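Student: Heads up, the sequence shown stops at 211 in the UniProt record's numbering, and the numbers go up one at a time, no gaps.
In this text, a Cβ means the ideal position worked out from N, Cα and C, and glycines have one as well.
Treat the numbers as computed from the prediction; the structure is a model and nothing was measured.
Can you keep this structure in mind? I'll have questions shortly.
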Amino acid sequence: MGDKCQWCSLACAICRIGCFRCYQTVCCKEPSTPRPSYSVIAIGLSQAGKSMLFAKLSGDASEKLEPTVGFSVKAVQLPSAILNVKELGGGDNVRKYWPHYFGGAQGIVFVVDSCCNDDDVDLAAAELQEVLSHSSLESLPLLVLANKQDVNGARSADELSRMMGLDAIARKRNWHIQACSKDDTESAKQGLSKLVSFINPDTETSEQNRL
Numbered sequence: 001m002g003d004k005c006q007w008c009s010l011a012c013a014i015c016r017i018g019c020f021r022c023y024q025t026v027c028c029k030e031p032s033t034p035r036p037s038y039s040v041i042a043i044g045l046s047q048a049g050k051s052m053l054f055a056k057l058s059g060d061a062s063e064k065l066e067p068t069v070g071f072s073v074k075a076v077q078l079p080s081a082i083l084n085v086k087e088l089g090g091g092d093n094v095r096k097y098w099p100h101y102f103g104g105a106q107g108i109v110f111v112v113d114s115c116c117n118d119d120d121v122d123l124a125a126a127e128l129q130e131v132l133s134h135s136s137l138e139s140l141p142l143l144v145l146a147n148k149q150d151v152n153g154a155r156s157a158d159e160l161s162r163m164m165g166l167d168a169i170a171r172k173r174n175w176h177i178q179a180c181s182k183d184d185t186e187s188a189k190q191g192l193s194k195l196v197s198f199i200n201p202d203t204e205t206s207e208q209n210r211l
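Right under this line is the structure:
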């Protein structure tokens, strides 16, 4: 009986130690470092797919999305940061008001319909060039999202970059073009993470350390 009691006591002690360690792991670990947040504007022509894309990126997708009039704000969670995206409507009668919403932006996202006709590609390039010339956006990093890659006939990111003349338009700032679609939000997030690394290079280092 004495040996059995000793074994029982030992087993109970081991269980208590295990439970205590589990408690420490779950309840007492050091809090993780909060992710920084950044504010960016998202613009582009009407029908570029901005609203659906950012609704999905923020986990707020709806089957009854309406074209954005004015602006909406979406929070996009990324591994290294949180992006507060101010999405601006792209209609002909709305674009002239874009500059009213540029204040406080730390980066620019320009969404392009990869399937649009050549005239709309030229118009998108002209609108982007005008936006980048605005004094409040001077030198801010740029991400161009080549959206709707899931549609037949979509141009590649490289082709859109060439047609829009991005090398010349964005030559004075850090920029990146990323192919994506509403059903491939991971690619869009990769592009947004690249934008974050332009806004704050330390976030890229932090992400590498986390990996």
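Using the Cβ count rule (16 or more neighbours within 10 Å means buried), how would you classify residue 77?
Tutor: One-based indexing of the sequence shown puts residue 77 at position 77. Label assigned to residue 77: exposed.
Student: Between 102, 114 and 200, which lies nearest to residue 162 when the distance is taken from Cα to Cα?
Tutor: Along the sequence shown, one-based indexing puts residue 162 at 162. Measuring from the Cα of residue 162, the nearest candidate turns out to be 114.
Student: Compare the Cα-Cα distances from residue 124 to each of 107, 145 and 186 and report the closest residue.
Tutor: Counted from its first residue, the sequence shown places residue 124 at position 124. It is 145 whose Cα lies nearest to the Cα of residue 124.
Student: Along the chain, where does the alpha helix (DSSP H) containing residue 89 start, and where does it finish?
Tutor: Here the question's residue 89 lines up with position 89 in the sequence shown. Looking at the DSSP string, residue 89 is not in any alpha helix (DSSP H), and its letter there is neither H nor E.
Student: To which residues of the same chain is residue 173 closer than 7 Å at the C-beta, ignoring the five residues directly before and after it?
Tutor: What you label residue 173 is simply residue 173 of the sequence shown in a count that begins at 1. Only 139, 140, 141 and 142 meet the Cβ criterion.
Student: Taking the straight line between their C-alpha atoms, what separation do you get for residue 160 and residue 193?
Tutor: Position 160 of the sequence shown holds residue 160. Position 193 of the sequence shown holds residue 193. Roughly 21 Å between the two C-alpha positions.
Student: Using 8 Å for Cβ pairs, my map puts residue 50 next to residue 71. What's the rounded Cβ distance?
Tutor: Counting from 1 along the sequence shown, the entry for residue 50 is found at position 50. Counting from 1 along the sequence shown, the entry for residue 71 is found at position 71. 11 Å between Cβ atoms; not a contact.
Student: Taking 8 Å as the cut-off, decide whether the C-beta atoms of residue 73 and residue 84 are in contact.
Tutor: To locate residue 73, count along the sequence shown from 1; it is residue 73. To locate residue 84, count along the sequence shown from 1; it is residue 84. Cβ atoms of residue 73 and residue 84: closer than 8 Å.
Student: On the premise that residue 108 lies in contact with residue 37, defined as a C-beta separation below 8 Å, what is that separation, rounded to the nearest angstrom?
Tutor: Against the sequence shown, residue 37 aligns to sequence position 37. Against the sequence shown, residue 108 aligns to sequence position 108. That pair is no contact at about 17 Å.
Student: Please report how far the alpha carbon of residue 135 lies from the alpha carbon of residue 111, in whole angstroms.
Tutor: What you label residue 135 is simply residue 135 of the sequence shown in a count that begins at 1. What you label residue 111 is simply residue 111 of the sequence shown in a count that begins at 1. Whole-angstrom Cα-Cα distance: 21 Å.
Student: Quick one: Cα of residue 133 to Cα of residue 167, how far?
Tutor: By 1-based counting over the sequence shown, the position of residue 133 is 133. By 1-based counting over the sequence shown, the position of residue 167 is 167. So the two alpha carbons sit approximately 15 Å from each other.
Student: Could you spell out where the alpha helix (DSSP H) holding residue 50 opens and where it closes?
Tutor: Residue mapping note: residue 50 aligns to position 50 of the sequence shown, counting from 1. In this chain, the alpha helix (DSSP H) harbouring residue 50 covers 50–57.
Student: On the criterion of 16 or more Cβ atoms from any shown chain inside 10 Å, does residue 56 qualify as buried, or is it exposed?
Tutor: Here residue 56 refers to the residue found at position 56 of the sequence shown. So residue 56 ends up on the buried side.
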